[in-house]
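S.K.: FYI, this note's numbering numbers position 275 of the sequence shown as 282, with every residue one higher than the one before it.
All C-beta atoms in this analysis are idealised placements derived from N, C-alpha and C, irrespective of residue type, glycine included.
After the structure tokens below, expect a handful of questions from me.
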Amino acid sequence: MLASPILVTGAAGFIGFHVARLLLANGRDVIGLDNLNAYYDPRLKDARLAELARYNTFRFRKLDLSDRDGMAALFAEHSFAQVVHLAAQAGVRHSLSAPHDYINSNISGFLNVLEGCRRAETRHLLYASSSSVYGANTKLPFSAAQNVDHPLSLYGASKKVNELMAHAYSNLFDLPVTGLRFFTVYGPWGRPDMAMWLFAAAILKGEPIELFNGGDMWRDFTYVDDVATSVVKLIDHVPQVNAAWSGDDPDPATSRAPWRVYNIGNHTPVHLFEVVRLLELALGRKAILELMPMQPGDVRETCADVGDLQKALGFSPDTPIAVGIKKFVDWFRAFTGFEKARL
8 MLASPILVTG
18 AAGFIGFHVA
28 RLLLANGRDV
38 IGLDNLNAYY
48 DPRLKDARLA
58 ELARYNTFRF
68 RKLDLSDRDG
78 MAALFAEHSF
88 AQVVHLAAQA
98 GVRHSLSAPH
108 DYINSNISGF
118 LNVLEGCRRA
128 ETRHLLYASS
138 SSVYGANTKL
148 PFSAAQNVDH
158 PLSLYGASKK
168 VNELMAHAYS
178 NLFDLPVTGL
188 RFFTVYGPWG
198 RPDMAMWLFA
208 AAILKGEPIE
218 LFNGGDMWRD
228 FTYVDDVATS
238 VVKLIDHVPQ
248 VNAAWSGDDP
258 DPATSRAPWR
268 VYNIGNHTPV
278 HLFEVVRLLE
288 LALGRKAILE
298 LMPMQPGDVR
308 ETCADVGDLQ
318 KALGFSPDTP
328 IAVGIKKFVD
338 WFRAFTGFEK
348 ARL
């Protein structure tokens, strides 16, 4: 075991919680950072932290990424050898009404993480990117070898900026960094603003579900346990320089710096009507559907090419959507009190 604990930012968040819990279950020391903001009900974040606190190798620090002095002090205290940066202002639609949240957290906050890693001579930084970086791209499946220069939301743009910032630091300071492009993550302990929670709650309450683009949407739903496993496996898979990389024909997924990006997806798009059907089956109730136009910043279909991930790890997400939805519903009923959502 490394003497230095692993820093997991966003440890009270959805993916951060699952990654931190898996690391702890594997016997690793974890320092979890989160600012516990009120983007959604903090009681859910508190409940996640209570689960992590069951492990005596977990320590929590309440800290905002944009606190420059606080972040510098944290890295000076611990000199983290490995950092998993999953904290961010999430949500495409929220970026339409609160754009400054994304600059403060996703860009300024990420700069503080990069600076901390540079000064601590961190051996590997992994950070959350998003399938949103593919933006206006329509060639499926989305490959990390595609250019991603046409984001459709500020959220997606902020994630593309993260990838560029990470590359600059990797090039300037020989910092090994891995970007994680997550595709529609779902499962137990998910966020109340995500489709699975919104749909399940509406079905149980007898309220209508809003389906955008008339319901004609396909998403590469990726079960959260598969995501956490991918991230934890990648921690010790430190990116290397691509000796064959050429500026005459640049590969967007690799570099002559120790920098890499991977898609973390199930490689199996599911139609939104099928998601609703599976939720109805698991919940034992019919949904009331309200068909809506396409939302600004949204896309019709996503699908991840995970060949690079499979080659690197011998693993890629593969949980069938029917299995994942059943597990989510079982957790959702228990956590929210079966029939009455309390969050």
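#1: Measuring CB to CB, does Val-336 end up less than 8 angstroms from Ala-294?
#2: If I measure Cβ to Cβ from His-278 and keep anything under 6 angstroms in the same chain, skipping five residues before and after, which residues do I get?
#3: With DSSP as the reference, please indicate the residues paired to Gln-153 in a beta bridge.
#4: Cα separation between Cys-310 and Leu-286?
#5: Can you tell me whether Arg-386 is helix, strand or coil according to DSSP?
#6: Which whole-angstrom value describes the C-beta separation of Thr-185 and Tyr-269, a residue pair presumed to lie in contact below a C-beta threshold of 8 angstroms?
#7: Quick check: Ala-18 and Leu-40, are their CB atoms within less than 8 angstroms of each other?
#8: Are the CB atoms of Ser-139 and Val-99 within a distance shorter than 8 angstroms?
#9: Where Ile-114 and Ser-237 are concerned, what is the direct C-alpha to C-alpha distance, given to the nearest angstrom?
#10: Looking at His-174 and Trp-266, is the spacing between their C-beta atoms short of 8 angstroms?
#11: For the candidate residues Leu-159, Leu-133 and Leu-132, whose alpha-carbon lies nearest to that of Asn-144?
#12: If you measure between the beta carbons of Ile-22 and Val-192, is that distance less than 8 angstroms?
#13: Indicate whether the contact test is met: 3 or more Cβ pairs, each with one atom in the segment 165-183 and one in the segment 216-223, closer than 8 angstroms.
#14: Starting from the C-beta of Lys-334, find all residues in its chain whose C-beta is less than 7 angstroms away, skip the five residues before and the five after it, and write them out in chain order.
#15: For the candidate residues Val-239, Gln-302, Pro-276 and Arg-75, whose alpha-carbon lies nearest to that of Ala-32?
#16: In whole angstroms, what separates the C-alpha of His-274 from that of Pro-259?
#17: Tell me which residue opens and which closes the beta strand (DSSP E) that Ser-136 is part of.
#18: I need the DSSP call for Gly-23, collapsed to helix, strand or coil.
#19: Look at Gln-89 and His-131 and say whether their C-beta atoms are less than 8 angstroms apart.
#20: Let me confirm a value: Lys-167 is counted as buried when at least 16 other C-beta atoms fall within 10 Å, else exposed. Which label applies?
#21: Opposite Lys-69 in the DSSP bridges: which residues?
#22: Rounding to the nearest angstrom, what Cα-Cα distance links Ser-86 and Pro-327 in this structure?
#23: Hey, out of Glu-128, Phe-67, Val-91 and Ala-80, whose CA is closest to Asp-243's CA?
#24: Here's the rule I'm using: 16 or more other beta-carbon atoms within 10 Å means buried, otherwise exposed. How should Met-203 be labelled?
#25: Quick one: using the 10 Å Cβ neighbour count with 16 as the cut-off for buried, is Gly-197 buried or exposed?
#26: Quick one: what's Val-90 bridged to in DSSP?
#27: In chain order, what residues of the same chain have a beta carbon less than 7 angstroms from the beta carbon of Val-37, not counting five sequence neighbours either side?
#28: Please confirm whether any heavy atom of the ligand COA lies closer than 7 angstroms to the CB of Ala-175.
#29: Can you tell me whether DSSP reads Tyr-230 as helix, strand or coil?
#30: Rounded to a whole number of angstroms, what is the C-alpha to C-alpha distance between Asp-233 and Tyr-141?
#31: With 16 other CB atoms within 10 Å as the buried threshold, where does Tyr-253 fall?
#32: Out of Gly-20, Ala-94, Phe-190 and Leu-316, point me to the one whose CA is closest to Ser-73's CA.
#33: With respect to the beta strand (DSSP E) encompassing Arg-267, which residues constitute its N-terminal and C-terminal limits?
#34: Using 8 angstroms for Cβ pairs, my map puts Glu-217 next to Met-301. What's the rounded Cβ distance?
#35: Looking at the structure shown, is Glu-214 part of a helix, part of a strand, or coil, going by DSSP?
M.R.: Here's the rundown:
#1: Along the sequence shown, one-based indexing puts residue 336 at 329. Along the sequence shown, one-based indexing puts residue 294 at 287. For Val-336 and Ala-294, no; Cβs fall outside 8 angstroms.
#2: Reading the sequence shown from its first residue, position 271 is the one you call residue 278. Trp-225.
#3: Locating residue 153 in the sequence shown gives position 146, counting from the first residue. Beta-bridge partners of Gln-153 (DSSP): none assigned.
#4: Against the sequence shown, residue 310 aligns to sequence position 303. Against the sequence shown, residue 286 aligns to sequence position 279. Each residue's Cα considered, the two are about 21 angstroms apart.
#5: The shown model of the chain, from 8 to 350, leaves out residue 386, and the question about it has no answer.
#6: The count along the sequence shown starts at 1 and reaches residue 185 at position 178. The count along the sequence shown starts at 1 and reaches residue 269 at position 262. Confirmed, about 7 angstroms.
#7: Indexing the sequence shown from 1 puts residue 18 at position 11. Indexing the sequence shown from 1 puts residue 40 at position 33. Less than 8 angstroms separates the beta-carbon of Ala-18 from that of Leu-40.
#8: As a first step, residue 99 is located in the sequence shown; it is residue number 92 there, counting from the start. As a first step, residue 139 is located in the sequence shown; it is residue number 132 there, counting from the start. Closer than 8 angstroms, so yes.
#9: By one-based count along the sequence shown, residue 114 stands at place 107. By one-based count along the sequence shown, residue 237 stands at place 230. Roughly 24 angstroms between the two C-alpha positions.
#10: Taking the sequence shown and counting its residues from 1, one reaches residue 266 at position 259. Taking the sequence shown and counting its residues from 1, one reaches residue 174 at position 167. Cβ distance < 8 angstroms, so Trp-266 and His-174 count as in contact.
#11: Start at 1 with the first residue of the sequence shown, and residue 144 comes out as number 137. Among Leu-159, Leu-133 and Leu-132, the Cα nearest to that of Asn-144 belongs to Leu-159.
#12: Walking along the sequence shown from the start, residue 22 turns up at place 15. Walking along the sequence shown from the start, residue 192 turns up at place 185. A contact, by the Cβ cut-off of 8 angstroms.
#13: no
#14: Taking the first residue of the sequence shown as position 1, residue 334 is located at position 327. Apart from sequence neighbours up to five positions away, the residues of its chain that approach Lys-334 with a beta-carbon distance below 7 angstroms are Gly-194 and Pro-195, ordered along the chain.
#15: Numbered from 1 along the sequence shown, position 25 holds the residue referred to as residue 32. For the residues Val-239, Gln-302, Pro-276 and Arg-75, the minimum Cα distance to Ala-32 belongs to Val-239.
#16: Start at 1 with the first residue of the sequence shown, and residue 274 comes out as number 267. Start at 1 with the first residue of the sequence shown, and residue 259 comes out as number 252. Rounded to whole angstroms, His-274 to Pro-259 spans 20 angstroms at the Cα level.
#17: Within the sequence shown, residue 136 is the residue found at index 129, counting from 1. Residues 131-137.
#18: Residue 23 sits at position 16 when you count from the first residue of the sequence shown. Here Gly-23 sits in helix by DSSP.
#19: Here residue 89 refers to the residue found at position 82 when the sequence shown is read from its first residue. Here residue 131 refers to the residue found at position 124 when the sequence shown is read from its first residue. Yes; because the gap between Cβ atoms is below 8 angstroms, this pair is in contact.
#20: Stepping through the sequence shown from its first residue, residue 167 is reached at position 160. With 16 or more other Cβ atoms within 10 Å, it is buried.
#21: Stepping through the sequence shown from its first residue, residue 69 is reached at position 62. Lys-69 pairs with Asp-41.
#22: For this step, residue 86 is matched to residue 79 along the sequence shown. For this step, residue 327 is matched to residue 320 along the sequence shown. About 40 angstroms.
#23: Counting from one through the sequence shown, the residue named residue 243 turns up at place 236. It is Val-91 whose Cα lies nearest to the Cα of Asp-243.
#24: The sequence position of residue 203 within the sequence shown is 196, counting from 1. Answer is buried; the Cβ neighbour count reaches 16.
#25: Position 190 of the sequence shown, counting from 1, holds the residue named residue 197. So Gly-197 counts as buried.
#26: Translated into the one-based positions of the sequence shown, residue 90 becomes position 83. Paired residue(s): Leu-14 and Leu-132.
#27: Along the sequence shown, one-based indexing puts residue 37 at 30. Cβ within range, chain order: Pro-12, Ile-13, Val-15, Ala-27, Leu-30, Leu-31, Thr-64 and Phe-65.
#28: As presented, the structure is devoid of all ligands, the ligand COA included, so that no description of it is given.
#29: Residue numbering aside, residue 230 sits at position 223 when the sequence shown is read from its first letter. Strand at Tyr-230.
#30: If you number the sequence shown from 1, residue 233 lands on position 226. If you number the sequence shown from 1, residue 141 lands on position 134. Answer to the nearest angstrom: the Cα atoms are 21 angstroms apart.
#31: Position 246 of the sequence shown holds residue 253. Per the sequence shown, residue 253 should be read as Ser rather than Tyr. Its Cβ having fewer than 16 others within 10 Å, Ser-253 is exposed.
#32: Here residue 73 refers to the residue found at position 66 when the sequence shown is read from its first residue. Nearest option by C-alpha distance: Ala-94.
#33: Taking the sequence shown and counting its residues from 1, the one referred to as residue 267 is at position 260. Residues 266-271.
#34: Within the sequence shown, residue 217 is the residue found at index 210, counting from 1. Within the sequence shown, residue 301 is the residue found at index 294, counting from 1. That belief does not hold up - the Cβ atoms of Glu-217 and Met-301 are roughly 12 angstroms apart, past 8 angstroms.
#35: Numbered from 1 along the sequence shown, position 207 holds the residue referred to as residue 214. Glu-214 falls in the coil class under three-state DSSP.
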